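Residue numbers (the UniProt record's numbering): 1 to 234. Ideal Cβ placement from N, Cα and C applies to all residues, glycine included. Quantities reported herein were computed from a predicted structural model and do not represent experimental measurements. Encoded as structure tokens, the structure appears first; notes follow it.
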């Protein structure tokens, strides 16, 4: 198993610029006998549609082709990492429904590799792929290096996601009682139900719900529940 130098890891942890952070990660991937590294983020911003961002050192022509053809919509590694935290070793069977995409990627040197994902409680997702043009990857190599790629994926996810717009968790300052009311609301309970469960009057429960909506800057109770779930508050 290749060993990364402590100085390199400290430098990555201390870096604040996204591109330099990625460049340091590329250096670590190359020490795993890989040529290419791709790190993509699917960032959830409140109730808006998720935003996608990618960093990679793939050939420019492949990046242009991938974007122009919207290959993200058919890329099986992206689909897998959206639903699973297990590493996915690239093989022809993985690309059985998109063989032309597979062959085209190979023509740009992206022949052998694997992909790893990271998810968080705010519903953000990341995918890290490492690849090389020569030298098939067997299961022994995957198992030998999987720990480092999982660590690198989770580290980049943590460092980069928090730098995206809308990801700094606001201080909602919900009281303990408001949090209780919110959790029961998320469970589908009505104000009358919650009043019974918490031994409160229904008007008091409604007061807490209005306060929650105000503090989360939501338009209604459902919106407040959605925001709280995305922020890991419930």
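Worksheet item: Is the CB-CB distance between residue 11 and residue 28 below 8 Å?
Response: If you check the CB distance, residue 11 and residue 28 do not come in under 8 Å.
Discussion item. Quick check: what's the CA-CA separation for residue 4 versus residue 70?
Written reply: Their Cα atoms are separated by approximately 35 Å.
Practice prompt. Name the one or two DSSP bridge partners that residue 198 has.
Written response: DSSP output for residue 198 lists no bridge partner at all.
Worksheet item: Does the region 179-199 touch the region 142-153, meaning 3 or more C-beta pairs lie closer than 8 Å?
Response: The answer is no - the region 179-199 does not touch the region 142-153, with fewer than three Cβ pairs under 8 Å.
Worksheet entry | Assumed close pair residue 126, residue 41 - CB separation to whole angstroms, cut-off 8 Å | Right, the Cβ-Cβ distance comes to about 5 Å (below 8 Å), so this counts as a contact.
Item to complete: Closer than 6 Å by C-beta to residue 54: which residues in its own chain qualify, once you throw out the five before and the five after it? Chain order, please.
Response: The beta carbon of residue 54 is closer than 6 Å to those of 40 in its chain, skipping five residues each way along the sequence.
Practice prompt. Could you tell me whether the region 108-127 touches the region 222-234, using the rule of 3 or more Cβ pairs below 8 Å?
Written response: By the Cβ criterion, the region 108-127 is in contact with the region 222-234, since at least three pairs of Cβ atoms, one from each stretch, lie closer than 8 Å.
Practice prompt. Out of 132, 81, 32, 44, point me to the one whose CA is closest to residue 105's CA.
Written response: Across the set 132, 81, 32, 44, the C-alpha of 132 shows the shortest separation from the C-alpha of residue 105.
Worksheet item: What residue from 158, 163, 162, 204 has the CA that sits closest to residue 180's CA?
Response: Cα-wise, what sits closest to residue 180 is 204.
Practice prompt. Return yes when the Cβ of residue 37 is within less than 8 Å of the Cβ of residue 57, no when it is not.
Written response: In this structure, residue 57 sits near residue 37, with a CB-CB distance shorter than 8 Å.
Item to complete: Would you check if the distance between the CB atom of residue 109 and the CB atom of residue 59 is smaller than 8 Å?
Response: Yes; because the gap between Cβ atoms is below 8 Å, this pair is in contact.
Worksheet item: With distances taken between CB atoms, is the gap from residue 114 to residue 90 smaller than 8 Å?
Response: Result yes, Cβ atoms of residue 114 and residue 90 sit closer than 8 Å.
Worksheet entry | Best match in 18, 26, 160 for proximity to residue 148 [C-alpha to C-alpha] | When only C-alpha atoms are compared, the closest one is 26.
Practice prompt. From the DSSP output, in three-state form, read off residue 160 for me.
Written response: Looking at residue 160 - three-state DSSP - the assignment turns out to be helix.
Practice prompt. Enumerate, from N- to C-terminal direction, the unbroken alpha helix (DSSP H) stretches of 4 or more residues contained entirely within the region 88-140.
Written response: Correct list: 99-107.
Worksheet entry | residue 196 burial status per 10 Å Cβ neighbour count (16 or more: buried) | So residue 196 counts as exposed.
Worksheet entry | Same chain only: Cβ atoms within 6 Å of residue 157, ignoring 5 sequence neighbours per side | Closer than 6 Å at Cβ, skipping near neighbours: 118, 126.
Practice prompt. Using 10 angstroms around the beta-carbon of residue 208, count the other beta-carbons present and answer buried if the total reaches 16, otherwise exposed.
Written response: Buried is the call here.
Worksheet item: Which residues mark the beginning and the end of the alpha helix (DSSP H) in which residue 63 is found?
Response: Its alpha helix (DSSP H) spans residues 60-68.
Worksheet entry | Residue of 178, 159, 23 minimising C-alpha distance to residue 198 | Closest option to residue 198, Cα to Cα, is 178.
Worksheet item: In three-state terms, what does DSSP make of residue 232?
Response: DSSP places residue 232 in the coil class of the three-state scheme, outside both helix and strand.
Item to complete: Evaluate residue 216 with the Cβ neighbour count: other Cβ atoms within 10 Å of its Cβ, from every protein chain shown; 16 or more gives buried, anything less gives exposed.
Response: The Cβ neighbour count for residue 216, taken over all protein chains shown within 10 Å, is at least 16; the residue is labelled buried.
Practice prompt. Report yes if the CB atom of residue 87 is closer than 8 Å to the CB atom of residue 142, and no otherwise.
Written response: It is a contact, given that the beta carbons lie within the stated cut-off.
Discussion item. Here's a check: name, in chain order, each residue in its chain whose Cβ is nearer than 7 Å to the Cβ of residue 159, leaving out the five neighbours to either side.
Written reply: Cβ neighbours of residue 159 beyond the five flanking positions: 21.
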